[in-house]
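See below for the structure under consideration.
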Amino acid sequence: MDELKENLTQDNAVSTLKELAESGRCSIPQYELPDEQVYDDGEYWWSCTCYVRSWSIQKTALSKSKKGAKRYVAYLVLCDFFGIEPEEE
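Residue 69 in the working numbering sits at position 68 of the sequence shown; the count goes up by one each step and never skips.
Here you go:
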């Protein structure tokens with residue numbers, strides 16, 4: 002687990018979370034990615050929510066792309082679980 006924590010980045014967060022679920026360390030993450038963008042602070046963003054039931058963690062992230070929103074929300078969930086301060090997207 003320490004190796005996962007040390008090597009965690011936004012780019013590998015989705016696969017890291019998937020690996021943890023497949024190895025039984027958490028429940029399968031549930032992603033909600035609406036088909037429409039969110040208007041916030043004068044710009045349109047993609048929103049993604051991730052819920053990991055076994056950890057009781059739910060996070061929502063905004064990004065310019067759907068893929069970016071999913072990566073960042075998985076990163077936020079893992080940061081919460083590991084007790085790491087997340088970096089800005």
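Ideal Cβ placement from N, Cα and C applies to all residues, glycine included. Here the structure is a predicted model, which is why all the values come from computation and not from measurement.
In angstroms with no decimal places, state the Cα-to-Cα distance between residue i and residue j.
i   : j   : result
P30 : V78 : 10 Å
G84 : T17 : 16 Å
R26 : E4  : 15 Å
T10 : D36 : 26 Å
N13 : A75 : 9 Å
Suppose the cutoff is 6 Å on Cβ atoms and the five residues either side in sequence are ignored; what does the same chain contact list for residue i look like?
i   : result
P87 : L77 and C80
Residues in its own chain within less than 7 Å of residue i by CB, not counting five upstream and five downstream?
i   : result
S64 : W46, W47, A70, Y73 and E90
DSSP three-state label for residue i, please.
i   : result
S57 : coil
L63 : strand
D36 : coil
E4  : helix
Please name the residue or residues paired with residue i in a DSSP beta bridge.
i   : result
C49 : A62
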